[in-house]
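Since the structure comes first, as structure tokens, the remarks are kept for the end.
Numbering (our numbering), first residue to last: 197 to 314.
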């Protein structure tokens with residue numbers, strides 16, 4: 197399990213490092229989007245995934261963050277509504293200016309957001 201956590205933290209670090217050059221951020225934070233259903237049919241599974249991401253972000257921030265900046269989670273709830281995943285992903289990117297988005301646990305949610313990220 198520790199390997200999974202280290203891998204997830206490493207993924208956050210790499211993604212944030214690559215993407216922050218294109219995203220305007222507060223000087224001391226890097227916004228990270230969390231796109232998991234907190235309501236609806238998938239909430240029973242995805243709420244736990246959201247909690248794990250928040251725990252990983254908290255642990256990384258205790259270690260000094262990424263590139264000297266604290267990670268700031270932005271949690272949204274697409275409510276197990278597959279088309280809403282794309283809308284929420286767009287909000288995270290355009291409205292919240294996140295450097296990275298973690299989520300989309302199901303294949304149908306990934307298909308929904310793909311055009312947004314492309």
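Think of the CB as a built atom: it goes at the ideal place given N, C-alpha and C, for glycine as much as any other residue.
- Beta-bridge pairing by DSSP links residue 269 to 228.
- A Cβ-Cβ separation of about 5 Å places residue 228 in contact with residue 296 under the 8 Å criterion.
- In the three-state DSSP reduction, residue 248 falls in the helix class (H, G or I).
- A contact between stretches requires three or more CB pairs, one per stretch, nearer than 8 Å, and the stretch 297-309 meets this requirement with the stretch 269-288.
- Under the three-state reduction of DSSP, residue 275 is assigned to coil, being neither helix nor strand.
- For residue 299, DSSP records a beta bridge to 231.
- Secondary structure at residue 312: helix, using DSSP grouped into helix, strand and coil.
- Bridge pairing for residue 294: absent [DSSP].
- If you draw a straight line from the Cα of residue 255 to the Cα of residue 267, it is about 10 Å long.
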